[in-house]
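The structure under discussion appears below in the form of structure tokens.
In the working numbering, the protein residues as written are 1 to 383.
Laid out in structure tokens, this is it:
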């Protein structure tokens, strides 16, 4: 079986959907499938002979992608075109949303994974109803629809036949690298952290949904109560897909300056996966204050679980039975820096509880292994 992934971003482009697609592609290849990827020109073509063939040939995600992707699918002998969809990754252009029907008429089967259900900008004064209809149209027309979390499944359940809809959570985009206590200590020392330093970590790009302003205000609250607290910002500051992220980054940086916290914040910038893994291990607490609540569609949360972090995050909007408050992580209300700071201090004061959270987080991450995720995709492709 041959699957052609379509994605607006792919490594080395910065973005969670691109990292997800790469991890899934390699996991499917391990199970014996052939995998190709069609993506934006900013990505990098695969070296000759590499298993996953990457074609970074799309300059603009406009109506020309319809024949272009169909032609590529026929050239590689694809059994499925599988779109990895996040609104911002396609330049807010609706062409990809209407492509499934066109590709089906060309004799191709289409799968569609929703990484979010955010609505696109179409034109001035386009109403919410029209924008929502454009977002959900692929669910009505694709042969197979995958969502990553229960909230999105509930939203789409009444619009398509249950046999065409599946929920498959995402996995961690950052492979775990075991680290000794000595190496962890050395990693902290490389940043100037001492044994008594309270290191609060944040992982991933900043955007408005991830609670960067709450994060900074929580740091400010912590600084009033702990003499040596530091914030380690792990990874690139913004992703490649959404230009509005830069404006939000400026808001966060301005708040850091306003609250006189610059000396307490370290930005790592882009790093190889092994370095990211070491930084996650170096943190005492991982604080991820998502504005819309914790969700299984958050790759940064999945990475924290896989690395056995003591996680403080925000209360889910939708059912999340896989993760139990107080056992696997700690939930606090979104947009509440005081509650976030209090939870961090609780963990700092109760190391046994923090250690239990780490162990349970690592155990729960077994539910989200890439081998299982790929196997479920194969089952759906073959059904």
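In this text, a Cβ means the ideal position worked out from N, Cα and C, and glycines have one as well.
What is the DSSP secondary structure of residue i, counted as helix, strand or coil?
i, result
"residue 301", "helix"
"residue 331", "strand"
"residue 447", "Because the chain spans 1 through 383 in this model, residue 447 falls outside it and cannot be assessed."
"residue 324", "coil"
"residue 57", "strand"
"residue 6", "strand"
"residue 109", "strand"
"residue 130", "helix"
"residue 17", "helix"
"residue 39", "strand"
"residue 82", "strand"
"residue 76", "helix"
"residue 52", "coil"
"residue 34", "strand"
"residue 144", "strand"
Report the residue from the options whose alpha carbon sits nearest the alpha carbon of residue i.
i, options, result
"residue 234", "166, 274, 92 and 38", "274"
"residue 79", "5, 63, 357 and 172", "5"
"residue 194", "284, 330 and 97", "284"
"residue 380", "28, 7 and 22", "28"
"residue 317", "331, 7 and 1", "331"
"residue 230", "200, 143 and 83", "200"
"residue 73", "89, 53 and 374", "53"
"residue 137", "117, 150, 149 and 151", "117"
"residue 15", "89, 197 and 71", "89"
"residue 92", "109, 107 and 62", "62"
"residue 175", "232, 24, 133 and 216", "24"
"residue 253", "281, 226, 216 and 289", "216"
"residue 323", "290, 354, 364 and 293", "364"
"residue 291", "243, 129 and 333", "333"
"residue 309", "268, 203, 271 and 336", "203"
"residue 319", "56, 150, 50 and 264", "150"
"residue 55", "8, 139 and 94", "8"
"residue 349", "198, 372 and 304", "198"
"residue 34", "146, 280 and 51", "51"
"residue 374", "26, 12 and 262", "26"
"residue 351", "321, 268 and 196", "196"
"residue 286", "271, 65, 345 and 249", "345"
"residue 378", "359, 362, 146 and 280", "146"
"residue 304", "263, 368 and 353", "368"
"residue 371", "10, 48 and 32", "32"
"residue 265", "271, 220 and 96", "220"
"residue 109", "226, 141 and 255", "141"
Would you please state the rounded distance, in angstroms, between the beta carbons of residue i and residue j? I believe it to be under 8 Å.
i, j, result
"residue 44", "residue 58", "The Cβ separation is near 14 Å, so there is no contact."
"residue 113", "residue 83", "7 Å"
"residue 170", "residue 327", "Not really, about 22 Å apart at Cβ, beyond 8 Å."
"residue 179", "residue 278", "6 Å"
"residue 106", "residue 144", "With 8 Å as the limit, residue 106 and residue 144 do not qualify as a contact, their Cβ atoms being about 17 Å apart."
"residue 190", "residue 302", "In fact, because the Cβ distance is near 26 Å, the residues do not count as touching under 8 Å."
"residue 211", "residue 289", "3 Å"
"residue 139", "residue 160", "5 Å"
"residue 76", "residue 177", "About 34 Å separates the two Cβ atoms, so there is no contact after all."
"residue 104", "residue 17", "Contact doesn't hold; Cβ gap of about 23 Å is too wide."
"residue 205", "residue 236", "6 Å"
"residue 208", "residue 248", "5 Å"
"residue 131", "residue 282", "Contact doesn't hold; Cβ gap of about 42 Å is too wide."
"residue 134", "residue 94", "5 Å"
"residue 213", "residue 255", "6 Å"
"residue 329", "residue 361", "6 Å"
"residue 299", "residue 20", "6 Å"
Could you confirm whether any beta carbon from chain C is found closer than 7 Å to the beta carbon of residue i?
i, result
"residue 248", "Protein chain content of the structure displayed is limited to a single chain, and chain C is not contained in it."
- Message: Threshold first: 3 residues or longer. Then list the beta strand (DSSP E) segments lying entirely within the stretch 151 to 237, N to C.
- Response: 165 to 167, 198 to 203 and 229 to 234
- Message: If contact is defined by three or more beta carbon pairs under 8 Å, each pair taking one atom from either stretch, is the stretch 306 to 314 in contact with the stretch 322 to 340?
- Response: yes
- Report the residue ranges of all beta strand (DSSP E) runs contained in full by the stretch 241 to 314; include only those spanning at least 3 residues, in chain order. 265 to 267, 285 to 288 and 311 to 314
- Task: Would you be able to state if there are at least three C-beta pairs under 8 Å between the stretch 88 to 100 and the stretch 153 to 162?
- Result: no
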